[in-house]
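Single-structure report; data block below.
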Amino acid sequence: MAIRVLLVDDHAVVRDGLRALLEAQDDIFVVGDCANGREAVRETKRLHPNVVVMDIAMPDLNGIEAAQEIREAHPEVQVILLSMHATTEHLARALEAGAQGYVTKESAGKEVVEAVRCVHARRQY
Numbered sequence: 116m117a118i119r120v121l122l123v124d125d126h127a128v129v130r131d132g133l134r135a136l137l138e139a140q141d142d143i144f145v146v147g148d149c150a151n152g153r154e155a156v157r158e159t160k161r162l163h164p165n166v167v168v169m170d171i172a173m174p175d176l177n178g179i180e181a182a183q184e185i186r187e188a189h190p191e192v193q194v195i196l197l198s199m200h201a202t203t204e205h206l207a208r209a210l211e212a213g214a215q216g217y218v219t220k221e222s223a224g225k226e227v228v229e230a231v232r233c234v235h236a237r238r239q240y
């Protein structure tokens, strides 16, 4: 059964790139995408993804806040946060919000794929 993924980033080019990368995998299906944290919370309820891959810095509701809301309402959904920052402070905030994965935007595409598979298997990345 394919891993159902929701993509969240305020830049369409990032969402499109992530979609192309993930949908090239036989075991991953992108169920939708959205541009901010508020939409992510709503679309998680509607689309029932297994994994949400979400940027931290977004308008309306940032990824940290959205991750916390998603995890509280849907504890079965795994969240991976994407960030330009590789600091321990950002990582700690992501983990406190309930994210199971943290990937920097400087990472290779294969790391995003690996992170999706890892958190889907209930392991931290």
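So in this note's numbering, spot 11 of the sequence shown is number 126, and the numbers just go up one at a time.
Virtual Cβ for every residue (Gly too), placed ideally from N, Cα, C.
{"Check": "Beta-carbon separation of Leu136 and Val168 under 8 Å?", "Outcome": "no"}
{"Check": "Can you check which of these residues, Ala182, Gly224 and Ala188, is closest to His209 by C-alpha distance?", "Outcome": "Checking the sequence, you will find Ala at residue 209 rather than His. The option with the nearest alpha carbon to Ala209 is Ala182."}
{"Check": "Between which residues of its own chain and Leu176 is the CB-CB distance below 8 Å, once the five residues before and five after are set aside?", "Outcome": "Asn151, Gly152, Arg153, Ala155, Val156 and Glu184"}
{"Check": "Over what stretch of residues does the alpha helix (DSSP H) that includes Leu251 continue unbroken?", "Outcome": "There is simply no residue 251 to check, as the chain begins at 116 and stops at 240 in what is shown."}
{"Check": "Could you check the C-alpha separation between His200 and Ser222 for me, to the nearest Å?", "Outcome": "11 Å"}
{"Check": "Taking buried to mean at least 16 other C-beta atoms within 10 Å of its own C-beta, is Ala230 buried or exposed?", "Outcome": "buried"}
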